[in-house]
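For the protein sequence lines, the chains are F and S, in the order given.
Position 204 of the first sequence, counted from 1, bears residue number 206 in the numbering used here, the numbering being contiguous throughout.
Position 68 of the second sequence, counted from 1, bears residue number 96 in the numbering used here, the numbering being contiguous throughout.
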Amino acid sequence: MNTYQILTDYFNHSPTIIQGAWIIIGLFSILIIGLVFYLKYLRGHLRKKERISAAYEQEYESALITYLYAGNEEEKISSEQQAIIDLLKNDAKEPFKRKILIAVLVKLKNEISGEVADSIQNLYYQTELVDYALSRLSHKKWFVIAKGIRELKQFQIKEAYDQVIIHLNHPRPEVRKEMQLYMVNLFDFEGLTFLDLLETPLSEWDQIQLLEIVQKLENQNISNITSWLHSSNDSVIIFALKLAKIYNQLEAKNEIIQLLHHRNKKVRLDAIDVLSYLNVLEAKEILKTDLEKRSQEEQIAVFKMMENLYESDDESFIMKYINHDLFEIKIMALKILKEINREKFCALKIESVNDPYLRIVNFIENN
Amino acid sequence: MNGAKKIVLAEDNSMLSMLLKFKLEKEGYTLFIAENGKKTIELIEEHNPELILTDIMMPFVSGLEVISHVRNTLNLLTPIVVFSAAGQEQIVLKAFDLGATDFMSKPLSPNELVLRVKRLLS
Numbered sequence: 003m004n005t006y007q008i009l010t011d012y013f014n015h016s017p018t019i020i021q022g023a024w025i026i027i028g029l030f031s032i033l034i035i036g037l038v039f040y041l042k043y044l045r046g047h048l049r050k051k052e053r054i055s056a057a058y059e060q061e062y063e064s065a066l067i068t069y070l071y072a073g074n075e076e077e078k079i080s081s082e083q084q085a086i087i088d089l090l091k092n093d094a095k096e097p098f099k100r101k102i103l104i105a106v107l108v109k110l111k112n113e114i115s116g117e118v119a120d121s122i123q124n125l126y127y128q129t130e131l132v133d134y135a136l137s138r139l140s141h142k143k144w145f146v147i148a149k150g151i152r153e154l155k156q157f158q159i160k161e162a163y164d165q166v167i168i169h170l171n172h173p174r175p176e177v178r179k180e181m182q183l184y185m186v187n188l189f190d191f192e193g194l195t196f197l198d199l200l201e202t203p204l205s206e207w208d209q210i211q212l213l214e215i216v217q218k219l220e221n222q223n224i225s226n227i228t229s230w231l232h233s234s235n236d237s238v239i240i241f242a243l244k245l246a247k248i249y250n251q252l253e254a255k256n257e258i259i260q261l262l263h264h265r266n267k268k269v270r271l272d273a274i275d276v277l278s279y280l281n282v283l284e285a286k287e288i289l290k291t292d293l294e295k296r297s298q299e300e301q302i303a304v305f306k307m308m309e310n311l312y313e314s315d316d317e318s319f320i321m322k323y324i325n326h327d328l329f330e331i332k333i334m335a336l337k338i339l340k341e342i343n344r345e346k347f348c349a350l351k352i353e354s355v356n357d358p359y360l361r362i363v364n365f366i367e368n369n
Numbered sequence: 029m030n031g032a033k034k035i036v037l038a039e040d041n042s043m044l045s046m047l048l049k050f051k052l053e054k055e056g057y058t059l060f061i062a063e064n065g066k067k068t069i070e071l072i073e074e075h076n077p078e079l080i081l082t083d084i085m086m087p088f089v090s091g092l093e094v095i096s097h098v099r100n101t102l103n104l105l106t107p108i109v110v111f112s113a114a115g116q117e118q119i120v121l122k123a124f125d126l127g128a129t130d131f132m133s134k135p136l137s138p139n140e141l142v143l144r145v146k147r148l149l150s
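What follows is the structure in structure tokens.
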């Protein structure tokens, strides 16, 4: 009896559950062997692709360096440069090579300025890579559009303004973010005019990124922010308030005062903060009249403002809050009283019979 | 080229180092390229250059460590120009504390770099 027969007999005479187990073991073994071979192939394929990619990268790097130094004063584009342009233009037709070529151009463009950067941008036009980026803007997949806008920003293609701005209210935040960065990076403060038409929310992270860019601009003459303070988009108002604070936009104080009665609490809180920073005394008087109707956070914000903008006339107002239920307000009222009328503040120690309250007064007196 | 002044350029961006190499060699300098801080130190010890150009952020050994090594271990007064990106102001100040001679912020202009190199090596 040969081995095959022994195994067949064993299998046929085994209980069904054992037979089932052997079948499963067999199937899994085939699957694992198949996967091992597939992974081996995949690894080989990726390594090959990596090698090809590295070879092209090296080729394009030397082509780019040659292009940059092959120019002469007689011709706008020398024959040697034209040969490189033709080669790269032809290679750019293939998406794989195009991706490597763009990566090579970006790698140098980010690190260099002046004539060399201009030459790289010129090459981007000459090789018609700009057309591929522009065609991405009408793609149905959102990430292709986002990448297209980012590329146009990296190569500073201002001519794409009209095609980029149409993505202003794109449903995907990633596309909107790229659009916003394109605008501000390429058009400085003028680029912020997209805020006039923005209907979608400007996230906190978007605002941070935009502020980081505008604060690095050479020209710090900010455009008029008042229209954004009237926006129907609350996130635009909040961003405009940040700009008002950073750029001391005292000329927009009337618009900011109006925001003290905005329907959105966050806007009202930010407006109080900015008005306090800008030392707008009129705002304090308005807030004093309707303080009781405001939320607790706003009341705290108002007292923070008063710590900054107190006057001797505020004494009677402050006295109403030195026993307030809210600890923060009580503390700030006492601090302000200490500054306005020290005698009255010290008298509180004698008048007070409440031990915890006395401890608070003593703490403020000594700090 | 034997009389040419030697410059060690430490930069991990191969494109940028290649570009600057071409530019500075055209001006008559001899360039030694290092793509990380460790190799930079080896090149400095081997060639004793007249000028060192180094990026602040580099793999293995940073630009700051290169400056410290040159000034404190090798006790050399070789001028050192550091390249920094935006937002690295604090690190640039540290570089000056350690003995850097000059700095250039990225993106940098090759023409401006050549002018500074000429001034430092004149």
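Don't be surprised by glycine CBs; every beta carbon is placed ideally from N, CA and C.
> Since F:Ala85 is in the alpha helix (DSSP H), which residue starts that stretch and which ends it?
Replying inline: Its alpha helix (DSSP H) spans residues 81-93.
>> So F:Asn235 and F:Glu201 are supposed to be a Cβ contact under 8 Å. How far apart are they, rounded?
In response: Right, the Cβ-Cβ distance comes to about 6 Å (below 8 Å), so this counts as a contact.
>> Just to confirm before moving on: does the CB-CB distance between F:Leu29 and F:Ala65 stay below 8 Å?
In response: No.
> Roughly how many whole angstroms lie between the Cα atoms of S:Glu78 and S:Lys34?
Replying inline: S:Glu78 and S:Lys34: Cα-Cα distance of roughly 5 Å.
> Using a beta-carbon distance below 8 Å, is S:Met29 in contact with chain F?
Replying inline: For S:Met29, the predicted structure reports a pLDDT of 47, less than 50, and the residue's modelled location is therefore unreliable. A value from the coordinates is still provided. Not an interface residue.
>> For F:Lys42 and F:Arg53, I'd like the C-alpha separation in whole angstroms.
In response: If I take the Cα positions, the gap works out to 17 Å.
> Under three-state DSSP, which class holds S:Lys34?
Replying inline: Three-state result, S:Lys34: strand.
> Using a Cβ cut-off of 8 Å, which residues of the region 116-141 of chain S contact any Cβ in chain F, in chain order?
Replying inline: Those would be Lys134, Pro135, Leu136, Ser137, Pro138, Asn139, Glu140, in chain order.
>> Spatial neighbours of S:Asp40 within its chain, please: C-beta separation below 7 Å, excluding the five flanking residues on both sides.
In response: Around S:Asp40, the same chain offers Glu63, Asn64, Asp83, Met86, Pro87 as residues with beta carbons nearer than 7 Å, after the five sequence neighbours per side are excluded.
> Which word fits F:Lys155, buried or exposed, when buried means at least 16 other C-beta atoms lie within 10 angstroms of its C-beta?
Replying inline: F:Lys155 is buried by the Cβ-count criterion.
> Can you tell me where the alpha helix (DSSP H) with F:Phe157 in it begins and where it stops?
Replying inline: It is not in any alpha helix (DSSP H) - F:Phe157 carries neither H nor E in the DSSP assignment.
> So with Cβ pairs under 8 Å, would you call F:Lys99 a contact of chain S?
Replying inline: Under the 8 Å criterion on CB atoms, F:Lys99 is classed as non-interfacial with respect to chain S.
> In whole angstroms, what is the alpha-carbon distance linking F:Phe13 and F:Ile25?
Replying inline: Near 10 Å, if we compare the C-alpha coordinates of F:Ile25 and F:Phe13.
> Based on Cα-Cα distance, which residue from F:Ser140, F:Leu204, F:Ile215, F:Val177 lies nearest to F:Asn187?
Replying inline: Measuring from the Cα of F:Asn187, the nearest candidate turns out to be F:Ile215.
>> Measuring only the C-alpha atoms, how far is F:Ser278 from F:Lys337?
In response: Just so you know, the alpha carbons of F:Ser278 and F:Lys337 end up roughly 17 Å apart.
> So, using beta-carbon positions, are F:Thr68 and F:Ile87 closer together than 8 Å?
Replying inline: It is not a contact, given that the beta carbons lie outside the stated cut-off.
> Excluding sequence positions up to five away, which residues of its chain have a Cβ less than 7 Å from the Cβ of S:Ser96?
Replying inline: So the list reads Leu126, once near-sequence residues are dropped.
> Is F:Glu313 buried or exposed, if buried means 16 or more other CB atoms sit within 10 Å of its CB?
Replying inline: Exposed, because fewer than 16 other Cβ atoms sit within 10 Å of the Cβ of F:Glu313.
> Do you know how far the Cα of F:Ile104 is from the Cα of F:Pro97?
Replying inline: Going by the C-alpha atoms only, they are around 10 Å apart.
>> Does the structure place the region 127-140 of chain F close enough to the region 109-119 of chain F that three or more beta carbon pairs sit under 8 Å?
In response: No: fewer than three Cβ pairs fall under 8 Å.
> Taking the C-alpha atoms as reference points, what is the distance between S:Met29 and S:Glu55?
Replying inline: The predicted position of S:Met29 is uncertain, since its pLDDT is 47 and thus under 50; no value can be drawn from it.
> Going straight from the alpha carbon of F:Asp208 to that of F:Val177, what length do you get?
Replying inline: Approximately 12 Å between the Cα atoms of the pair.
> Roughly how many angstroms lie between the CA atoms of F:Ala94 and F:Met185, to the nearest whole one?
Replying inline: Separation of F:Ala94 and F:Met185 (C-alpha to C-alpha, rounded to the nearest whole angstrom) is 27 Å.
>> Measuring only the C-alpha atoms, how far is S:Leu121 from S:Val94?
In response: Spanning the alpha carbons of S:Leu121 and S:Val94 requires a straight line of approximately 15 Å.
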